[in-house]
Amino acid sequence: MKKAILIIITILTSSFVIGQEIAGQWNGLLKVPGAQLRIVANIGKTETGYVSTMDSPDQKAKGIPVATTTFENSILKLEIPAINGSYTGILNKDNIIVGKLTQNGQSFDVNLSKENISEQVYARPQEPKKPYPYYTEDVKFVNKTANITLAGTLSLPKKEGNFTAVILITGSSAQNRDEEVLGHKPFLVLSDYLTKKGIAVLRLDDRGVGESTGDFSASTTLDFASDIQAGVDYLKTRNEINKKKIGLIGHSEGGLIAPIVAGNSKDINFIILLAGPGLRGDKILLLQNELIKRQSGMPEVEIQKEKEIFKGAYDLIIASTVNDGNLKNNISSYLKTQYNDPSKDTDVELLTAQVTNTWWYNFIKLDPVPFLEKVKCPVLALNGSKDLQVPAEVNLEAIKKTLLDSGNKKVTTKVLPNLNHLFQECQTGLPTEYKTIEQTFSPIALEEISNWLLVQTK
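Under numbering that gives the first Met the number 0, the first residue of the sequence shown carries the number 0, and numbering increases by one thereafter.
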């Protein structure tokens, strides 16, 4: 969901460092189920000892704080509260630190050296190559409500004609028009597939990303919805677009944005929700975190303890009427009481800042139900059975029930076997798999989308 891909993912937002006599940059490779992640330990020497931070280049994470760094008798020890973990390693005669990273009760072998480790390049066989067998045009238009310029690509089956059109809506976190994530370009693949089927496709850089202007960090889901409405208004100015056949396809948080726009506009002919949420934001985040930690092997007692702590913090946000300094102080005090460990104070401040930033605060409180209740056009909702970020059954059931109860009988929901949150065929569904899977978008999912869409637009 928008941005980091809806989502508290410890392993995906972690990295690991290391030190030696040690000052300098140390590089290693963390092997977790379904993925290999480069890690970098940046160690500096001070008058009293050592300080360090960590980077995880493959996760775009830099400067992760290390609370304590010690190096005695060739043994390096790092305490890393930001990932709820630690590292212990021994510097050998080959100038390699042989050690283990422990995180959430799990241990991983991680050796560090001064040698650079190149990023592994994965094939992306589905990614289309130019020249495309259809017409594309880079476009820009203004969201007058927000006074920003949005940029994207319009794909047309032919340069001239009158076509059904869809706007693709990205998931959480700042993303470009291809919804690029971990080397994949899902929206480029989807756009290519649909345009070849005779559908015009508009895909956009999020505000503040690529060629679009605006401040992403200060924006909410409702702000992003206004950007999509501006896209609808733009399509209506194009002679090549059939104004009675404009639809929306939203992925993850985009699957929440689509109903917001459709419920307030008579211009939307249909919507497709790909891993769209049917539950309130806090419930999505709690369930997501629980499922990912369980699939990662975290002990159940720790999963439940963490769930209760996070639920308490989210409850404070749900009960609040304004996101101000008092709320931040209340959440910080609550978390410090729950953890009851001064060494976690840095973690507490980071977590408090996260859940009270503009997007998180509003997403936690955002309930899809009032928006879904207003949607009267046909709806297709798809989820992968191994989606750990927006779990399939509970969200599809909520979406279907809300639409039916509000009188919309034109609803189709379906769980696609063995697909993850990105609609890739997968093994575990863990976000750590996303990058290593060559497939960008399951052909089964592409066919489900296009078949339903073509029926709606006859």
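The beta carbon of each residue, even a glycine, is placed where N, CA and C say it ideally should be. Keep in mind that this is a model prediction, so the values were computed, not measured.
In whole angstroms, give me the CA-to-CA distance for Asn382 and Tyr49. 48 Å
Simplified DSSP assignment, three categories, for Thr163: strand
Can you list, in chain order, the residues of its chain with a C-beta nearer than 7 Å to that of Ile228? Leave out the 5 residues immediately preceding and following it. The amino acid at residue 228 is misidentified as Ile; the sequence shows Gln. So the qualifying residues of the chain are Val260, Ser264.
Glu239 and Phe162: beta carbons closer than 8 Å? yes
Should Phe15 go down as buried or exposed, given a rule of 16 or more other Cβ atoms within 10 Å for buried? Below a pLDDT of 50, predicted positions are generally treated as unreliable, and Phe15, at 34, falls in that range; the measurement from the model is reported next regardless. Classification for Phe15: buried.
Would you report the Cα separation of Ile308 and Asn328, rounded to the nearest angstrom? A straight line joining the alpha-carbon of Ile308 with that of Asn328 spans about 16 Å.
Just confirm the distance between the C-beta atoms of Thr439 and Gln125, as a whole number of angstroms; I'd bet it's less than 8 Å. With a Cβ gap of about 5 Å, Thr439 and Gln125 count as contacting.
Using the rule of at least 16 other Cβ atoms within 10 Å of the residue's Cβ for burial, across every protein chain shown, is Pro341 buried or exposed? Burial call: exposed.
State the beta-bridge partners of Ser55 as determined by DSSP. Ser55 pairs with Ala60.
Residue range of the unbroken alpha helix (DSSP H) whose run includes Ile317: 299-318
Going by the beta-carbon positions, is the gap between Ser449 and Leu193 smaller than 8 Å? Their beta carbons are under 8 Å apart, which means Ser449 touches Leu193 by this criterion.
Run through DSSP, which three-state label would Gly277 get? coil
Do Thr355 and Leu326 count as a contact pair if the criterion is CB distance below 8 Å? Leu326 is a Cβ neighbour of Thr355, given a cutoff of 8 Å.
For the beta strand (DSSP E) that Lys99 lies in, which residues bound it at each end? 96-102
Please identify the residue among Gln105, Tyr121, Gly98 whose C-alpha is closest to the C-alpha of Leu461. The shown model of the chain, from 0 to 457, leaves out residue 461, and the question about it has no answer.
Cα-Cα separation between Lys158 and Asp191, rounded to whole angstroms: Here the C-alpha atom of Lys158 lies approximately 15 Å from the C-alpha atom of Asp191.
In angstroms with no decimal places, state the Cα-to-Cα distance between Gln102 and Asp346. 14 Å
With DSSP as the reference, label Ile4 as helix, strand or coil. In this prediction, Ile4 has a pLDDT of 38, which is less than 50 and means its spatial position is unreliable; what the coordinates show is noted afterwards. Coil, per DSSP.
Tyr121 burial status per 10 Å Cβ neighbour count (16 or more: buried): exposed
Going by DSSP, what residue range makes up the beta strand (DSSP E) through Asn142? If you look at Asn142, you'll find it in the beta strand (DSSP E) that goes 134-142.
What does DSSP give as the partner residues of Asn110 in its beta bridges? Val97
Local Cβ density within 10 Å of Arg293, reported as buried at 16 or more and exposed below that: exposed
Cα-Cα separation between Val141 and Ile270, rounded to whole angstroms: 23 Å
Could you check if Ser218 is buried or exposed, using at least 16 other CB atoms within 10 Å of its CB as the buried criterion? buried
Could you tell me whether the Cβ atoms of Thr87 and Ile74 are closer together than 8 Å? Yes, the pair counts as a contact, with Cβ atoms nearer than the cut-off.
Let me check understanding here. Comparing Cα to Cα, which of Leu278, Ala164, Trp359, Ser85 lies closest to Pro502? Only positions 0 to 457 of the chain appear in the structure, and residue 502 is not among them; the question remains open.
Spell out the partners DSSP gives Thr67 in its beta bridges. Glu78
Quick one: residues in its chain with C-beta nearer than 8 Å to the C-beta of Val138, no 5 flanking neighbours on either side, listed in chain order? Ala150, Gly151, Thr152, Leu153, Leu201, Tyr233
At which residues does the beta strand (DSSP E) containing Val414 begin and terminate? Val414 -> beta strand (DSSP E) spans 410-415.
Closest residue to Leu315 among Asn361, Leu371, Leu272, Leu286 (Cα-Cα distance): Asn361
Tell me the DSSP bridge mates of Ile259? DSSP lists no partner for Ile259.
Rounded separation between Ile168 and Lys61 - CA only: Spanning the two alpha carbons is a distance of roughly 28 Å.
Keeping to the same chain, check which residues put their C-beta closer than 7 Å to that of Asn322; ignore five residues upstream and five downstream. Taking C-beta separations shorter than 7 Å and ignoring five residues to either side along the sequence, the partners of Asn322 in its chain run Thr355, Tyr360, following chain order.
According to DSSP, is Ser216 helix, strand or coil? Look at Ser216 here: in three-state DSSP terms it is helix.
Would Ile147 pass as a contact of Gly213 if the rule is Cβ separation under 8 Å? Going by C-beta atoms, Ile147 is nearer than 8 Å to Gly213.
Do Val109 and Ile166 have their C-beta atoms within less than 8 Å of each other? no
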